[in-house]
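Read in order, the letters of the sequence shown correspond to residues -20 to -1, 1 to 407 in mature numbering (1 follows the signal peptide of the UniProt record, and there is no 0). Beneath this line is the structure, given in structure tokens, with notes to follow.
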Amino acid sequence: MDRPVGQCLLAATCLILATALVIKRHSADELPYRAGERPANSSCQPLAASAAAAAAIRANESLGLEFVDSQNDFSPSVFCGRLFHFMEFAIAAFVLLQQQGVGSEQVAWVRVYHGVPPRVLPLAEWEGGKSKHNLALLRRLWPRATAAPRDAPPVARRLAVDRWSCDYGAELVMLLKFAPHFEAHAWHRALGGGGGGGVVRAEAVRVTYIERQAGKRQLADEAHAALVRVVGALPGVRLKLARLDTSVDLDEQIPLMQATDVLIGVHGNGLTSQMFMRPRRYVVEIFPKRAHVAFRFDYSLLSKLMAHEHLLIHNGTQASLQLMTHDLLAASRLSESASERAAERQRAALLAGGGAGVADRPGQSALGSRSKADGKATSKVWSLASKLRAIDNTIWKVAPSSNDLDPTALRAIVGLIERAQQELMRR
């Protein structure tokens, strides 16, 4: 090896090691409490309140809110740049603040913590770009709150929502823990929706199709055209094609979603907007052909939170939510042996190409029945759940590909819309 090349490699290695040491030191010294320190109990309680904050709550005085994501697989840019992942914290904070009796006007500022310090990887979390929706969401939920720089010194009167205390920061577990305590109507009112889930009926059912044909996750052209043609021809249906990306302000998205009865879209961040719909509506999630993403149930979980009916289309046809067991097991109290048996049944059904399992009907929440308490699963069950995730990913990758929407899938979508027409007229 040439000497100049060797010197460059040595210098690069030293720089990487120095950066890692700075990040580690920052995480230990500047976070609200020691990163990686697990609570003594086994409950998932990602709320740390200082004594001064507790006094402020009792006195109905203002305080600060911190989102702590010190130990996670996400990079700061992913965490801040995608509304879904940021909303995990907003939902958990909303539930916890309600449980603490904190009024929305009491939250004076919000700050985000990451394991990467701003002096190493500076980020404008609250300024435009992919992150602009974060600030707009927080201003809806907590109107008086201002965005605090994450390198600002901490203050005493603060509440910290910490992902790390939920199963070592595992993705989605924080949402799973708080799903049984989430009040969809209260959330809807906080976002500016009126009077709960009721609505003066329009003459037509309003269907919004999130059009992403120019993006990475898209339907085949023929499937896209068939979907628009079939749904648009239904009597009593008003179809609207919409693009819900970062170019569309949240103040435009929220009114559109509040006027939407049925939301249709491919798996992706646009389906996060279902959190802005009125409770008890309808969502169709379509995994595109040969999706480059792993099979996930992120958006079906949001449907559970809002009491929406969720229809899943995968590999061109209707799929069963009950096939998605990995994260549900992690949030349940199932013993390891019971989890093993349940997993085997789900794997067998999946490999057989069927959707065997308990029907997931409106009003029958798999999350509510399997995650009634706040207690976390044992570490063995969580380990098993991680293995199941890997198995699921492998199975879906080798599953035979098909068109994005076959006739069965289109019939299922039409059936959901027709059912929405009937049920909404009775409300």
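C-beta: ideal position from N, C-alpha, C; glycine also.
What whole-angstrom Cβ distance do residue i and residue j have, given they're in contact under 8 Å?
i: A184; j: V217; result: 6 Å
i: L171; j: F64; result: Contact doesn't hold; Cβ gap of about 16 Å is too wide.
i: L45; j: L230; result: Rounded, the Cβ-Cβ distance is 19 Å, inconsistent with contact.
i: L281; j: T252; result: That pair is no contact at about 11 Å.
From residue i to residue j, what distance separates their C-alpha atoms?
i: V211; j: H247; result: 19 Å
i: V394; j: Q401; result: 11 Å
i: G81; j: R138; result: 15 Å
i: I190; j: V264; result: 10 Å
i: A72; j: E85; result: 18 Å
i: T388; j: D142; result: 43 Å
i: H294; j: A203; result: 13 Å
i: V228; j: G250; result: 11 Å
i: K284; j: F162; result: 10 Å
i: R223; j: A36; result: 42 Å
i: D241; j: A392; result: 16 Å
i: Y262; j: R399; result: 10 Å
i: residue 414; j: H168; result: For the chain, the structure presents residues -20 to 407; residue 414 sits outside this window and is missing.
i: residue 438; j: P123; result: Residue 438 lies beyond the range of the chain shown here (-20 to 407); nothing can be said about it.
i: L43; j: M286; result: 28 Å
i: residue 474; j: A213; result: In the structure as shown, the chain starts at -20 and stops at 407, and residue 474 therefore has no counterpart that could be examined.
i: P215; j: L390; result: 16 Å
i: E232; j: I266; result: 24 Å
i: R197; j: G245; result: 10 Å
i: A299; j: E41; result: 49 Å
i: A140; j: D278; result: 24 Å
i: L243; j: M237; result: 8 Å
i: R407; j: A205; result: 32 Å
i: F66; j: R209; result: 35 Å
i: T188; j: G173; result: 18 Å
When you compare the CB positions of residue i and residue j, do they come within less than 8 Å of one another, or not?
i: L155; j: E68; result: yes
i: A70; j: L115; result: no
i: A159; j: A125; result: no
i: H113; j: T226; result: yes
i: L292; j: L396; result: no
i: A166; j: Q254; result: no
i: V92; j: F47; result: yes
i: P235; j: A164; result: no
i: L385; j: L207; result: yes
Take the Cβ of residue i as the centre, count every other Cβ of all protein chains shown within 10 Å, and call the residue buried at 16 or more, exposed below.
i: M405; result: exposed
i: R186; result: buried
i: E289; result: buried
i: A39; result: exposed
i: K157; result: buried
i: A128; result: buried
i: L219; result: buried
i: R62; result: buried
i: R192; result: buried
i: G83; result: exposed
i: A194; result: exposed
Does any residue of chain B have a CB that is nearer than 8 Å to the CB of residue i?
i: S280; result: Of the protein chains in the structure, only one exists, and it is not chain B.
In chain order, which continuous runs of the beta strand (DSSP E) of length 3 or greater are located wholly inside the segment 165 to 236? 185 to 190, 217 to 222
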